[in-house]
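Here the protein sequences come in this chain order: B and G.
Numbering-wise, the numbering used here comes out as the position in the first sequence, counting from 1, plus 43.
Residue 360 in the numbering used here sits at position 380 of the second sequence; the count goes up by one each step and never skips.
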Amino acid sequence: MTEAEPLLGTVKESLGEAVLDSHAYRGDATILVAPESLQDVLLELRDGEKLRFNLLMDLTAVDYIEREPRFELVYHLAAIDVEPRGTEPCRMNQRLRVKAGVPADPCEVDSVVEIFPSADWMEREVWDMYGISFRGHPNLKRVLLYEEFKGHPLRKDYPKERRQPLIGPRN
Amino acid sequence: MGPSHPATHGTVKILLEIDGEEIVDMDVMVGYLHRGFEKECESGTWYQAIPYTDRLNYNSAILANLAYCMAVEKLLDCEMTPRCQWMRVMAGELSRVGDHLTRVGAACLELGAMTPFLYGIEARELIWDLQEGLCGARVTSNYVRIGGMQRDIPEGYLTRLSESLNEVEKLTSDFDKVVTSNRIFVDRFRNTGTLSKERLIEMAVTGPLLRAAGVPLDLRKAQPYLTYDEIDFDVPVGAIGDNFDRFLVCQEEINQSIRIIRQCIPVLEKTQGDPVNIDDPRVRWPAKDRVFGRMEELIQQFKGVTEGPRVPEGEAYAAVESANGELGFYVVSDGTGKPYKVRCRPPSFVNVAPMKEMLIGGMLADIVPTFDMINMIGGECDR
Chain B
44 MTEAEPLLGT VKESLGEAVL DSHAYRGDAT ILVAPESLQD VLLELRDGEK
94 LRFNLLMDLT AVDYIEREPR FELVYHLAAI DVEPRGTEPC RMNQRLRVKA
144 GVPADPCEVD SVVEIFPSAD WMEREVWDMY GISFRGHPNL KRVLLYEEFK
194 GHPLRKDYPK ERRQPLIGPR N
Chain G
-19 MGPSHPATHG TVKILLEIDG EEIVDMDVMV GYLHRGFEKE CESGTWYQAI
31 PYTDRLNYNS AILANLAYCM AVEKLLDCEM TPRCQWMRVM AGELSRVGDH
81 LTRVGAACLE LGAMTPFLYG IEARELIWDL QEGLCGARVT SNYVRIGGMQ
131 RDIPEGYLTR LSESLNEVEK LTSDFDKVVT SNRIFVDRFR NTGTLSKERL
181 IEMAVTGPLL RAAGVPLDLR KAQPYLTYDE IDFDVPVGAI GDNFDRFLVC
231 QEEINQSIRI IRQCIPVLEK TQGDPVNIDD PRVRWPAKDR VFGRMEELIQ
281 QFKGVTEGPR VPEGEAYAAV ESANGELGFY VVSDGTGKPY KVRCRPPSFV
331 NVAPMKEMLI GGMLADIVPT FDMINMIGGE CDR
């Protein structure tokens, strides 16, 4: 696997000014980008020469309630060789974490389902848990909780003890 | 279909539109087992999250313990002792064998074959007895600790381990004879639930599902952790990625895991008596006789337990190859004894998402084998 520092060099070279900040911490390479540029950045990371991140492994958010912007979206990308080389197992070529700050209002960002189809359920989960809405998502509804649930439980201002009203049977 | 259906081991609701017995459209609804895992983790100390990880994939709890502890250790920047790493490999592979046995056994049961299920479950009992010998619990192990293990391997355990593995191999070979060449079984599995490897990668599906489609991606080889780079084992792959390939991949992975455990035994015998836990006062408590006899150690233990281990500020992501694919944890610390955020990258959740695509155009009867081979574990999918 490419070490974090040289990987960040390659990424910054390809993305140019889109990278607002970057760091390598405990071997993980991380870049920070603007939410408006997310689609362009992820497309370049997927298709760019020397990058070829073909897997969106994970998408989540973090609620930094006292910071501005309040939320941070965290994309975990990975690059593997798809074409088998004889009987050799695949290598994990590189991993990259892409972060983007999202303000509390408007709590909205462009969907990346078109670029990485695996984002479909992951974006639904972020909507469900954090209330961050994704523009252009084909089916943005709750995935783990039920439609009548009030609020978004992983926000830091949602108390752990809060109870939800009972809902009747449904067909 | 569902949420509680006798032919699915896992609570999921599938809304189906059918034409005769052909599936025209479907919608998969998950979340019936959501228990607020991440919210609960944020309210306890770093240590208090470990028992919750047991309850993610309860078929292979040790692997979830391991992934979580590895993420926290990455943030703490500490290296495990060699004995601890070998113990983790051994325990993790035991867990994987148990998971795969459940998967292949339950698949038979849900297709109406009771006998092979019992072969599988008998073998799983042996694995669970071995897990009980390690940590005192059969299912929810709570075995791995940040910076070490719950305890060392008990005396005489390794002999019992290798005897039990022989038994398990005999049972899996019997299982293989009953099932794999059975015409009725093969007809239900062959060419059902197929999805191309290109699409699986787009959907970020990992684990046996991806390997069955011909992509030999296994984190134990792709990005070796613990001592996997010193161990000899193969990564089985399938050809077309239908349910039958998935079934064969899982069966072969059981054999490969047993092969890995056999390689751990001599090393663990040789390192008998070596330290298991690291010597790091941030995460490990002092020995009990010192806690009860000395003031400083008493304070250290008290603060460690009540406030939790101080994990440096920052973020880290660590992943292991679990029985279902990449199981990762993304942890964020604000420098206190409690996690600011614990995100589990659940392979079950990601793998269930493309189930719809695997089944549209297929027959109603294909749902059960496909769902079995995806092996959605409600605890891990819904968290």
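Every residue gets a Cβ at the ideal spot worked out from N, C-alpha and C, and that includes glycine.
(request) At 7 Å on the CB atoms, spell out the chain G contacts of LYS203 (chain B), in chain order. (result) LYS19 and SER23
(message) Can you check whether the C-beta of TRP164 (chain B) is within less than 7 Å of a C-beta belonging to chain G?
(response) yes
(request) Check whether the Cβ of TYR68 (chain B) lies closer than 7 Å to any Cβ atom in chain G. (result) yes
(request) Alpha carbon to alpha carbon, how far is ALA192 (chain G) from VAL(-8) (chain G)? Give it in angstroms, no decimals. (result) 24 Å
(request) Give the single residue among G:GLU102, G:MET9, G:VAL322 and G:GLU337 whose Cα lies nearest to the Cα of LEU151 (chain G). (result) G:GLU102
(message) Only counting the same chain, and skipping five residues up and downstream in sequence, which positions put a Cβ closer than 8 Å to that of ARG95 (chain B)?
(response) ARG89, ALA122 and ASN136
(request) Run down chain G in chain order and give the residues with a C-beta less than 9 Å from the C-beta of ARG140 (chain B). (result) GLU295, TYR297 and TYR310
(request) Count the other CB atoms, across all protein chains shown, that sit within 10 Å of the CB of ARG200 (chain G); report buried if there are 16 or more and exposed otherwise. (result) buried
(request) Check whether the Cβ atoms of ARG124 (chain G) and CYS64 (chain G) lie closer than 7 Å to each other. (result) Per the sequence shown, residue 124 (chain G) should be read as Val rather than Arg. Result no, Cβ atoms of VAL124 (chain G) and CYS64 (chain G) do not sit closer than 7 Å.
(request) Give me the Cα-Cα distance between LEU278 (chain G) and VAL263 (chain G), rounded to the nearest whole angstrom. (result) 15 Å
(request) Can you have a look at MET94 (chain G) and say buried or exposed, based on whether 16 or more other CB atoms are within 10 angstroms of its CB? (result) exposed
(message) With distance defined between alpha-carbon atoms, name the residue in B:GLU204, B:ALA67, B:SER57 and B:GLU56 nearest to ALA296 (chain G).
(response) B:ALA67
(message) For a quick check, are the C-beta atoms of PRO349 (chain G) and THR186 (chain G) less than 7 Å apart?
(response) no
(message) What are the residues in the segment 167 to 189 of chain G lying within 9 Å of chain B by C-beta distance?
(response) LYS177, GLU178, ARG179, ILE181, GLU182, MET183, ALA184, VAL185 and THR186
(request) In angstroms with no decimal places, state the Cα-to-Cα distance between MET172 (chain B) and GLU191 (chain B). (result) 14 Å
(request) Please compile the residues from chain B whose C-beta is within a distance smaller than 9 Å of the C-beta of PHE329 (chain G). (result) TRP164, MET165, GLU168, VAL186 and LEU187
(request) Consult DSSP for MET(-19) (chain G) and reduce its assignment to one of helix, strand or coil. (result) coil
(request) Assess, as a yes-or-no matter, whether the segment 174 to 190 of chain G is touched by the segment 138 to 151 of chain G under the definition of 3 or more beta carbon pairs within less than 8 Å. (result) no
(request) Within its chain, find whatever has a CB closer than 6 Å to the CB of CYS244 (chain G); leave out the 5 residues flanking it on each side and keep chain order. (result) TRP66, VAL69 and MET70
(message) Give me the chain B residues within the contact set of GLY16 (chain G), using Cβ-Cβ distance strictly less than 7 Å, ordered along the chain.
(response) PRO196
(request) Quickly, what does DSSP pair LEU307 (chain G) with across the bridge? List them, please. (result) G:VAL300
(request) Starting from the C-beta of LYS314 (chain G), find all residues in its chain whose C-beta is less than 7 Å away, skip the five residues before and the five after it, and write them out in chain order. (result) What sits at residue 314 (chain G) in the sequence shown is Asp, not Lys. Around ASP314 (chain G): GLU293 and TYR320.
(message) For ALA303 (chain G), count the other beta carbons within 10 Å of its own beta carbon; 16 or more makes it buried, fewer makes it exposed. Which is it?
(response) buried
(request) Report the neighbours of GLY(-10) (chain G) on chain B: residues whose CB is nearer than 8 Å to its CB, in chain order. (result) The premise fails here: GLY(-10) (chain G) is roughly 14 Å from chain B at the closest Cβ pair, so nothing lies under 8 Å.
(request) Please list the residues of the segment 108 to 132 of chain B that have a C-beta atom closer than 7 Å to any C-beta atom in chain G, keeping them in chain order. (result) VAL117, HIS119, ILE123, VAL125, PRO127 and PRO132
(request) Taking 7 Å as the cut-off, decide whether the C-beta atoms of GLU73 (chain G) and SER328 (chain G) are in contact. (result) no
(message) Which residue wins for smallest C-alpha separation from ASN122 (chain G), given the options G:ALA87, G:GLU18, G:SER40 and G:GLY305?
(response) G:SER40
(message) Let me see if you follow: with CB-CB separation under 7 Å, is ASN97 (chain B) close to chain G or not?
(response) yes
(request) Less than 8 Å between the CB atoms is what I'm expecting for LEU99 (chain B) and ALA184 (chain G), so what's the real figure, rounded? (result) 6 Å
(message) Using only the alpha-carbon positions, how far apart do LEU248 (chain G) and TYR208 (chain G) sit?
(response) 15 Å
(request) Determine the DSSP secondary structure at PRO208 (chain B), reduced to helix, strand or coil. (result) coil
(request) Check the C-beta distance from VAL105 (chain B) over to VAL312 (chain G) and give it rounded, since I have them as a contact under 8 Å. (result) 6 Å
(message) Considering just the uninterrupted stretch of the alpha helix (DSSP H) at VAL159 (chain G), what are its terminal residues?
(response) 137 to 159
(request) Compute the Euclidean distance between the alpha carbons of THR160 (chain G) and HIS80 (chain G), then round it to the nearest angstrom. (result) 15 Å
(request) Thinking ARG325 (chain G) and GLY308 (chain G) are a contact (beta carbons under 8 Å), I'd like their distance in whole angstroms, please. (result) 4 Å
(request) Output the residue ranges of the beta strand (DSSP E) runs that lie fully inside the segment 145 to 186 of chain B and measure 3 residues or longer, sorted by chain position. (result) 151 to 153 and 176 to 178
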